[in-house]
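So the structure is just underneath, and the comments pick up after that.
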Amino acid sequence: MDQKPARVRIVDAAYELMLSIGLARTTTKEIAKAAGCSEAALYKYFSGKEELFVTVLAERLPRLIGLLDELTAGEGSVEGNLTDIARHAALFYEQTFPMAASLYAEPQLKRRHEQGVGGVESGPHLPIQQLDTYLRAEQGAGRVRAGVDTYAAASLLLGACAQRAFAYSTLPGGQPPPPLDDFAASLARTLLAGIS
């Protein structure tokens, strides 16, 4: 049986560890051990834990940035596109929340992370900017009302998806969130009622 390439094993191990114990408690030493390689081998592929975190976001989580890149104004319905975005964003934030929450609990770790990804085009602002770009294009096509603050609309949609992940991951008793498809459709419909 062929073993996966080292880089794939490293990213898989980082994903599993970051998901189960969080970014703060995950070390490169633990990642290398779980991947069945040396820590030196890990550093052949990645500059450190911060780069690995960004790679996990890009390669192992539901596509959000790629989906937003592919949107074209005038294609499909705005409601259908927003529903699709809400569905993917809710899944993305649901899976990233346990990983990234530790960043905000430890200011030193957050600073190290920000320095570590300084040259990498990443961050929580990117999906908002990309959705804003799409909504402005729809505004230009006449499918979003003139005068609407598209950045605020993008922030509302993605913020609601992030809040869903936060609210239901911290509820005592593990109450499940509303069904994803219902949530996404209702969110898109409600937002569209205000901007179309």
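For the sequence shown, the tail end lands on 196 under UniProt numbering, and the numbers increase by one without skipping.
Using N, Cα and C, we set each Cβ at its ideal position, and we do this for glycine too.
query: Assuming alanine 89 and leucine 180 form a contact by the criterion Cβ under 8 Å, report the distance between their Cβ atoms to the nearest whole angstrom.; result: Actually they do not touch by this definition, with Cβ atoms about 11 Å apart.
query: In its own chain, which residues sit with a C-beta less than 7 Å from the C-beta of alanine 188, not counting the 5 before and 5 after it?; result: Glu79, Leu82, Thr83, Ala86
query: Taking leucine 135 and alanine 153 to be in contact with their CB atoms under 8 Å, please state how far apart those CB atoms are, rounded to whole angstroms.; result: 6 Å
query: Using C-beta distances below 8 Å, list every residue in its chain close to tyrosine 43, excluding the 5 sequence neighbours before and after it, in chain order.; result: Thr28
query: Could you give the DSSP three-state label for alanine 146: helix, strand or coil?; result: coil
query: Look at the Cβ atom of alanine 32, then the Cβ atom of alanine 6, and state whether they are nearer than 7 Å.; result: no
query: Out of Glu16, Glu94, Ala193, Ala137, point me to the one whose CA is closest to valine 167's CA.; result: The question names valine, but residue 167 in the sequence shown is alanine. Ranking Glu16, Glu94, Ala193, Ala137 by Cα distance to alanine 167 puts Glu94 first.
query: Less than 6 Å between C-beta atoms, sequence neighbours within five positions excluded: which residues of the same chain meet that for valine 120?; result: In this predicted model, valine 120 has a pLDDT of only 47, less than 50, meaning its place in the structure is not dependable enough to derive any value.
query: Going along the chain, which residues of its own chain have a beta-carbon closer than 6 Å to the beta-carbon of glycine 74, five neighbours each way excluded?; result: Ala141
query: How is proline 176 classed by DSSP in three states: helix, strand or coil?; result: coil
query: Could you give the distance in angstroms between the alpha-carbon of threonine 96 and the alpha-carbon of serine 77?; result: 28 Å
query: If you reduce the DSSP assignment to three classes, tell me which class serine 47 lands in.; result: coil
query: Below 8 Å CB to CB, which residues in the same chain sit around leucine 192 once its five sequence neighbours on both sides are set aside?; result: Val78, Glu79, Leu82
query: Is it buried or exposed, serine 70, if we count other Cβ atoms within 10 angstroms and call 16 or more buried?; result: The residue you asked about is not serine; residue 70 is glutamate in the sequence shown. It counts as exposed.
query: Leaving out five residues on either side along the sequence, give the residues of the same chain with a beta carbon under 7 Å from the beta carbon of leucine 61.; result: Phe92, Gln95, Thr96
query: Cysteine 37 by DSSP, collapsed to three states: which one?; result: coil
query: In this structure, does DSSP put lysine 4 in helix, strand or coil?; result: coil
query: Counting C-beta neighbours from all protein chains within 10 Å, is the total for glutamate 59 16 or more, i.e. buried, or is it exposed?; result: exposed
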